[in-house]
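One structure is given here, and the rest of the page talks about it.
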Amino acid sequence: MANGQWYPPEWPDRIRALAAGTLTPVTPKRAATVMLLKDTGTGPVVHMLRRRASMAFAGGAYAYPGGGVDPRDDDRDIGWAGPTRAWWARRLGVDETGAQAIVCAAVRETYEEAGVLLAGPTPGSVVGDTTGADWEADRAALVARELSFAEFLDRRGLVLRSDLLGAWARWITPEFEDRRYDTWFFVAALPEGQRTRNASTEADRTVWMSPAEAAAGYDKGELLMMPPTVATLRALTAYGTAAEALAAAPGRDLAPVLARARLDDDGIVLSWPGHDEFTKHVPTTATATDPTGGSSA
2 MANGQWYPPE
12 WPDRIRALAA
22 GTLTPVTPKR
32 AATVMLLKDT
42 GTGPVVHMLR
52 RRASMAFAGG
62 AYAYPGGGVD
72 PRDDDRDIGW
82 AGPTRAWWAR
92 RLGVDETGAQ
102 AIVCAAVRET
112 YEEAGVLLAG
122 PTPGSVVGDT
132 TGADWEADRA
142 ALVARELSFA
152 EFLDRRGLVL
162 RSDLLGAWAR
172 WITPEFEDRR
182 YDTWFFVAAL
192 PEGQRTRNAS
202 TEADRTVWMS
212 PAEAAAGYDK
222 GELLMMPPTV
232 ATLRALTAYG
242 TAAEALAAAP
252 GRDLAPVLAR
262 ARLDDDGIVL
272 SWPGHDEFTK
282 HVPTTATATD
292 PTGGSSA
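The sequence shown begins at 2 in my numbering and counts up one residue at a time.
This is how it looks when you write it as structure tokens:
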């Protein structure tokens, strides 16, 4: 394996079925993920978690905290700081209720999986320590979906700090995958006074790594990742501080990236528009145990 590109062995068969018209694409679910950054003396590092090998989707792959949108957060009146919902709707390419739910998902998932909360009692503040038993009880209720994030904010008297987020990219899971997500990637800086922890039942390891170090681990085949993770890591290497990355976010292109697959005489060509490094050629002779047919994976 020349790198750590995540590539499920069932993809070739599913791609052929899609081309033959025998596979109906699943409608992607909206999701959000957050690249949480903190500064060091030599540049920012990003918080990543390794998904448990037992996970049905991308088991063993390194990713950022993230997950699906909760429709209960779409139209409830909540404390909100930063750009308006209308601004976020334009930025994310959705309506205002959808924008609120996506931003809520980004903040909620960061709290659920990393213990970091981008909210405060006032529009200009952020909570400090969130490790107490009462905070943990609320976090567990959020994870179990017994409590919506909007209800959590209301109960705590908190204001969501949308100004601490920057929308970075949007990727949609390929049509031939049976678990599909329309995912918005955000960037944020670790608030002063807060610490990350592995609060996710879906991860067996969490790390802080520089984007360049993480991308190098992928290139060497030491770290397994999906294309969106690698692409966003490479983009982050251009910035010397978390603040620089956040300042660059409004200028980022949020046109969705969706993989394309086509059949030719030699097999399957899988590509992600605008990201040539992920193009894969799967020969017709490839087997389920060697989906690359011996080529780089």
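Beta carbons: idealized from backbone N, C-alpha and C, even for Gly.
For this session: Measuring alpha carbon to alpha carbon, tell me which of Glu113, Thr123, Pro175 ends up nearest Ala148.
Result: Per the sequence shown, residue 148 should be read as Leu rather than Ala. For Leu148, the nearest C-alpha among the options comes from Glu113.
Problem set entry | Close beta carbons around Gly121, own chain, < 7 Å, minus the five adjacent residues each side | Val127, Val128, Leu159, Val160, Arg162
Exercise. Which of helix, strand or coil does DSSP assign to Val144?
Worked result: helix
Exercise. Of all the options Asp130, Pro229, Glu152, Gly241, which has the alpha carbon lying nearest to the alpha carbon of Ala102?
Worked result: Glu152
Problem set entry | 7 Å Cβ cutoff met for Leu37 and Ala189 | yes
Exercise. Roughly how many whole angstroms lie between the Cα atoms of Arg140 and Lys39?
Worked result: 23 Å
For this session: Please determine, among Leu237, Ala256, Lys221, Val258, the residue with the shortest C-alpha to C-alpha distance to Ala249.
Result: Leu237
Problem set entry | Check whether Ala90 and Asp96 have beta carbons under 7 Å apart | yes
Exercise. Looking at Ala217 and the ligand PLP, is the gap between the Cβ and the nearest heavy atom below 6 Å?
Worked result: With respect to the ligand PLP, the structure shown offers nothing to examine, as it has no ligands at all.
Exercise. Considering only residues of the region 77-137, which uninterrupted alpha helix (DSSP H) runs meet the minimum length of 4 residues and lie entirely inside it, listed in chain order?
Worked result: 86-93, 97-115
For this session: With a floor of 4 residues, list each alpha helix (DSSP H) that falls wholly inside the region 161-236, ordered by position along the chain.
Result: 212-220
For this session: Indicate whether Pro29 and Arg181 have their beta-carbon atoms separated by less than 7 Å.
Result: yes
Problem set entry | Cβ shell of Leu224 (< 8 Å), same chain only, five flanking positions each side left out | Gly5, Tyr63, Ala215, Gly218
Exercise. Around the C-beta of Arg171, are 16 or more other C-beta atoms found within 10 angstroms, so that it is buried, or is it exposed?
Worked result: buried
For this session: Rank Arg52, Asp179, Asp71 by C-alpha distance to the C-alpha of Phe150 and give the top, closest one.
Result: Asp71
Exercise. What is the DSSP secondary structure of Ala262, counted as helix, strand or coil?
Worked result: strand
Problem set entry | Proximity below 7 Å, CB of Ser211 to CB of Val46 | yes
For this session: Take Asp220 and list the residues in its own chain whose beta-carbon comes closer than 6 Å to its own, dropping the five residues that flank it on each side.
Result: Asn4
Problem set entry | Delimiting residues of the alpha helix (DSSP H) encompassing Asp155 | 150-157
Exercise. Apart from the five residues just before and just after Lys281, which ones in its own chain have a Cβ nearer than 6 Å to its Cβ?
Worked result: Leu271
Exercise. So what does Ile269 bridge to, in DSSP terms?
Worked result: Leu264, Val283
Problem set entry | Backbone secondary structure at Ala62 - three-state DSSP | coil
Exercise. Pro45 bridges to which residues according to DSSP?
Worked result: Asp40
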